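Taking it in order: structure first as structure tokens, then the write-up.
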Amino acid sequence: MSQGQYNLRETVFSKLSEIIKSVSGIDTAQIDTDAHFLELGIDSLMLVRINQGIQKRFGIEMSMLQFYEDTNTINKISDYIAGFGVRGSESEVSSERSEISNQRTETPSYAIPITPELSPLTSVERIMFQQMQAMSQLMSQQLEILKKGSGSEVRGQRSETRSHLSPLTSHPLPANVNLRGMKLEPDVLTQRQQDFLKKFIERYTARSKKSKELVQKYRPFFSDWINSLGFRLSLKEIMYPVVGPRSEGSKFWDVDGNEYIDIARRELFRKPSAIYHKSD
Numbered sequence: 454m455s456q457g458q459y460n461l462r463e464t465v466f467s468k469l470s471e472i473i474k475s476v477s478g479i480d481t482a483q484i485d486t487d488a489h490f491l492e493l494g495i496d497s498l499m500l501v502r503i504n505q506g507i508q509k510r511f512g513i514e515m516s517m518l519q520f521y522e523d524t525n526t527i528n529k530i531s532d533y534i535a536g537f538g539v540r541g542s543e544s545e546v547s548s549e550r551s552e553i554s555n556q557r558t559e560t561p562s563y564a565i566p567i568t569p570e571l572s573p574l575t576s577v578e579r580i581m582f583q584q585m586q587a588m589s590q591l592m593s594q595q596l597e598i599l600k601k602g603s604g605s606e607v608r609g610q611r612s613e614t615r616s617h618l619s620p621l622t623s624h625p626l627p628a629n630v631n632l633r634g635m636k637l638e639p640d641v642l643t644q645r646q647q648d649f650l651k652k653f654i655e656r657y658t659a660r661s662k663k664s665k666e667l668v669q670k671y672r673p674f675f676s677d678w679i680n681s682l683g684f685r686l687s688l689k690e691i692m693y694p695v696v697g698p699r700s701e702g703s704k705f706w707d708v709d710g711n712e713y714i715d716i717a718r719r720e721l722f723r724k725p726s727a728i729y730h731k732s733d
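In terms of this note's numbering, the sequence shown has 464 at position 11, counting the first letter as 1, and numbering is strictly consecutive.
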């Protein structure tokens, strides 16, 4: 790789990192950039927004399938995008970069030519993309409503307080509220808490060993966006679903043979519960 190609690749990586951080809050300097997107907690809705950012900033169209197969890591996408920019002679790339950097526009200052025509999306890919795009737009609208509602409620409370009480110290809401609650920084724990958490994780992973192995095996094909909600780095090793092959009544059993009581469901008397046999 020549120096010009290396510089262009680093520029692409930097801009791509900005897109990913703006969508997910993840700082690429603190993670493994060769890890699969799903392992980083980046779900399908986030990938849709990242794809939109790539199209807007680089002018390159990618299918959603690429994010799960060939270009499923940050480094692979950087190489993929940079590959379009280094085609042709190195002097052409340098001249294009100089020409664009002199233009005072909102576009980035490096040269990424428009991608050649890619193969059209299949019907399945098109449907998936449209569904995820619709969900992303719906969530964005809901977040805007929540932000506006919170602001009007706070203003109403302040005006009422001023009319009855002496002025109080205001506590304005932060500008950017992460409603997903993802926390990528290590938790500040006491030594006692660290010891307890370490022992608990060891016991839990030992009892649900087969569930964790199955999730690791099928992780490239398994997208559970729920796991990104309330993500904590200190609990990363136990943030995986329990695989339950059978259930009866209010109980279910996992692949390790552990028995659980399902308290998260209202329809506890599911078949083949004994209550159904008695009713027969």
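Glycine included, every Cβ here is placed at the ideal spot set by N, Cα and C. What you are looking at is a predicted structure, and each value in this text was computed from that prediction instead of being measured.
Going by C-alpha to C-alpha distance, which of the options sits closest to residue i?
i: Tyr459; options: Leu518, Leu491, Ile534, Ala482; result: Ile534
i: Asp709; options: Arg656, Ser661, Ile495; result: Ser661
i: Asn525; options: Thr486, Ile598, Lys509; result: Thr486
i: Ala659; options: Ile716, Glu690, Ser700, Ile598; result: Glu690
i: Asp640; options: Leu688, Gly697, Ser593, Lys670; result: Leu688
i: Ala587; options: Phe511, Val668, Gln505; result: Gln505
i: Ser703; options: Arg672, Glu712, Asn528; result: Glu712
i: Ile472; options: Ala482, Arg510, Ile654; result: Arg510
State the DSSP-derived secondary structure class of residue i, mapped to helix, strand or coil.
i: Phe466; result: helix
i: Ile714; result: strand
i: Ser516; result: coil
i: Ser661; result: coil
i: Ser703; result: coil
Rounding to the nearest angstrom, what Cα-Cα distance links residue i and residue j in this structure?
i: Arg462; j: Gly538; result: 9 Å
i: Ser455; j: Met692; result: 42 Å
i: Gln590; j: Ala488; result: 27 Å
i: Gln595; j: Phe490; result: 25 Å
i: Phe649; j: Gly457; result: 52 Å
i: Ser593; j: Met585; result: 12 Å
i: Glu666; j: Gly697; result: 13 Å
i: Arg656; j: Lys663; result: 13 Å
i: Ile530; j: Glu701; result: 46 Å
i: Phe705; j: Asp715; result: 7 Å
i: Gln669; j: Pro694; result: 11 Å
i: Gln508; j: Asn528; result: 17 Å
i: Lys651; j: Arg645; result: 10 Å
i: Gly536; j: Leu686; result: 34 Å
i: Tyr671; j: Lys474; result: 26 Å
i: Thr643; j: Ile654; result: 16 Å
i: Leu599; j: Gln647; result: 36 Å
i: Arg699; j: Phe674; result: 22 Å
i: Ser470; j: Gln483; result: 11 Å
i: Glu597; j: Asp532; result: 35 Å
Taking 8 Å as the threshold (beta carbon to beta carbon), is residue i in contact with chain C?
i: Gln647; result: Among the chains in the structure shown there is no chain C, since it carries only a single protein chain.
Notebook entry, point to check: For the 8 Å Cβ check, are there 3 or more pairs between the stretch 472 to 483 and the stretch 517 to 526?
Noted result: no
Checklist line | Three or more C-beta pairs below 8 Å linking the stretch 459 to 471 and the stretch 490 to 501 | finding: no
Notebook entry, point to check: Hey, is the stretch 482 to 496 in contact with the stretch 508 to 515, meaning 3+ C-beta pairs nearer than 8 Å?
Noted result: no
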